[in-house]
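Structure record follows, encoded as structure tokens.
Residue numbers (the numbering used here): 13 to 743.
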């Protein structure tokens, strides 16, 4: 059983509270800083070089803090469950969820037992961050005035939100907040309408490459500014370039001189829900397991939160079984527990060691740590190998159960039977098709006709549905026989939107039906329908058809979502088909009439080119950005990934705006060629620095909006030639 101490004692043991930096540690940091060089290129990208890997990590964290300390701190407030001390009562259950799954005392214990090489990196993480705070006394942290070396063990994968984010906070409130509701499935239509996050990864084999070298597309879809662009290297063999999540010391999606790795968010089933049968004996809870009753593990968690300028606490009595923490209650009074990966050291080791892989064999060896629970991996190397793994941490289960639903925790047969070996999970290596794609979609179309055979794998390994991006990716990679970096970029931004292939013909059919009715549509809506019928389903800044289709499609799906039967979960393609079938001809036509009126009201005409309403803007650098129609912005052609746009740009209106502004989608994008000498290009949303006064706040914005790329300076001589500034931490 994990130890859940009162928070004050826990933080005292962890040493998180503000402490003065001692002369001895300052002297040690200053000495280590001399072994680190940071070169900022003309785009502000930090190229960090250290004598040892620990030196490089020290410099990397220092450089990240220079660019955006606020996001570094916020990511750790999130990971260690202390957001409520900054955000107040609204974050209490967020912090409780973190405490249920990721215990600080456990992280401290693991840190103490870590191998020497990992402990050196963890120390360097804390030292580099603390040295930044020491050398920048005007920077005022929200809460964390000293970073501790155990913290990365609670933030080990780099994923968007991590696994625990799938546990609904509403369910925790119902259970631990003593609400009457016991529902654990809560329709959340607002969440359903948010832009899908995920990623695209493409790999092209030498046989389909003009140069005869493997190619890789790295295209994460996250909230903008979620990851900066970095290079980190050492004399000990580290040399990784790519995107690093703020506050982490490994390149999450990127490449070295030998190979590259692209992670896409996976729906491979790596966690399970158990329904526990609870009985009370002498007022204490027990849960049934087989023919016996086991005591439920009970602990007290104290969550501090900000209220009226003061820190107050709320106490929770928490429960767990051998399956995991209790996170809710079913309608039949069964308690719901969740089991997921709980090996933070292996996860962190895998995250770091893969950046030093030299080929497929060494990368596969690192994957045997089974420390990646939320991602698929698209891979390419300089030996010409391309590969794909669907997930990594994969529990072995009894196939007689439906693992897409909660299972009976009282039945010992539902316990995990260890983990599948890496060789057992869904994967491809050097497919005959010559290419690999994954867009958070099914692995069974990952290489066209060379894709894995679904019948050979348990259903829980790959329940992922197809999506419109996956359909589009197969199309663009199938239709070209030879690729270059330029044509791979072109494939990654192919403008076709397959999400409208069925929706618009359905509208046309129902529009004709209404035209033949006693009250036919007339006026502007008839002209708008003609524009839609003439539209080629390709995004463009000048397209009026795209504007009409997007506004209309969003409105119609919003109308249909509440009609989905309770408890039924639809993937996006299924939702589109459901929408077509469960909206009437009158509703489809009325939705078009309403968006014609909306556009006319907001802009004076419904004939609005997409680029006029779909904009990129960066004003403040705050984690929650603000937008203003009266201030400069850039037109953007690409659009929501929901419609199959490979280049993703999730936009919407904000308070006080009529135009739509993007905040999620394409963030860091790169293409790489793995020859004797690396060739790569990249672009970042906005820029690498989050201070509006920095020249690198929006210096990549124009490139980004036009879907153009900059050269990557990977080799020391190129970095030197394009250096803007070279310094050591503290200078």
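C-beta atoms are modelled at their ideal positions from N, C-alpha and C, and glycine is treated no differently.
Just so you know, these numbers come straight off a predicted model, no measurement behind them.
Between the beta-carbon of residue 371 and that of residue 246 there is about 20 Å, and that puts the pair past the 8 Å contact cut. Following the DSSP letters along the chain, one finds residue 610 inside the alpha helix (DSSP H) bounded by residues 597–615. Taking C-beta atoms as the reference points, residue 167 and residue 260 count as a pair closer than 8 Å. The shortest CA-to-CA distance from residue 219 to any of 328, 443 and 485 is the one to 443.
Residue 577 counts as exposed, since fewer than 16 other C-beta atoms from the protein chains shown sit within 10 angstroms of its C-beta. Per DSSP, residue 111 is one residue of the alpha helix (DSSP H) stretching across 104–113. Per DSSP, the continuous beta strand (DSSP E) segment holding residue 290 begins and ends at 290–293. By DSSP's assignment, residue 299 forms a beta bridge with 290 and 306. Judged by DSSP in its simplified three-state form, residue 565 adopts helix. Rounded to whole angstroms, the gap between the alpha carbons of residue 121 and residue 445 is 48 Å.
In this structure, the straight-line span from the alpha carbon of residue 255 to that of residue 297 is close to 47 Å. In this structure, residue 165 and residue 357 form a Cβ contact; the two beta carbons are roughly 7 Å apart against a cut-off of 8 Å.
In this chain, residue 265 is not harboured by any alpha helix (DSSP H); it is covered by the beta strand (DSSP E) spanning 265–267. About 6 Å separates the Cβ atoms of residue 604 and residue 537, confirming a contact at the 8 Å cut-off.
Excluding the 5 residues flanking it on each side, residue 484 has same chain C-beta neighbours closer than 7 Å at 506, 508, 510, 656 and 658, in chain order.
Assigned with DSSP and collapsed to three states, residue 41 falls in helix. Looking at the DSSP output, residue 685 bridges to 227 and 691. When secondary structure is reduced to three states using DSSP, residue 435 falls in the helix class. CA-CA distance, residue 109 to residue 264, rounds to 25 Å. With fewer than 16 other CB atoms across the displayed protein chains lying within 10 angstroms of its CB, residue 733 is exposed.
The alpha-carbon of residue 162 is positioned some 41 Å away from that of residue 640.
Here the alpha carbon of residue 598 sits roughly 18 Å from the alpha carbon of residue 610.
Taking residue 84 as reference, the option from 96, 473 and 145 with the minimal CA-CA separation is 145. With a cutoff of 8 Å on beta-carbon distance, residue 489 and residue 503 are scored as near each other. Put simply, the backbone Cα of residue 454 is about 45 Å away from that of residue 738. About 6 Å separates the beta carbons of residue 475 and residue 279, which is inside the 8 Å limit, making them a contact pair. About 5 Å separates the beta carbon of residue 630 from that of residue 710, a gap short enough to meet the 8 Å contact definition. Around residue 395, the same chain offers 371 as residues with beta carbons nearer than 6 Å, after the five sequence neighbours per side are excluded. Take residue 545, set aside five residues on each side of it, and the residues of its chain with a beta-carbon closer than 8 Å to its own are 516 and 520, in chain order. In the structure shown, residue 271 adopts extended strand secondary structure according to DSSP, grouped into three states. Taking each of 420, 96 and 180 in turn and checking the Cα distance to residue 344, the smallest one comes out for 420.
Counting only the Cα atoms, residue 584 lies some 31 Å from residue 346.
Contact between residue 75 and residue 242 holds: their C-beta atoms lie close to 7 Å from each other, under 8 Å.
Assigned with DSSP and collapsed to three states, residue 658 falls in coil, not helix or strand.
Of 369, 332, 607 and 158, the smallest CA-CA separation from residue 267 is found for 369. Going by C-alpha positions, residue 574 is about 33 Å away from residue 336.
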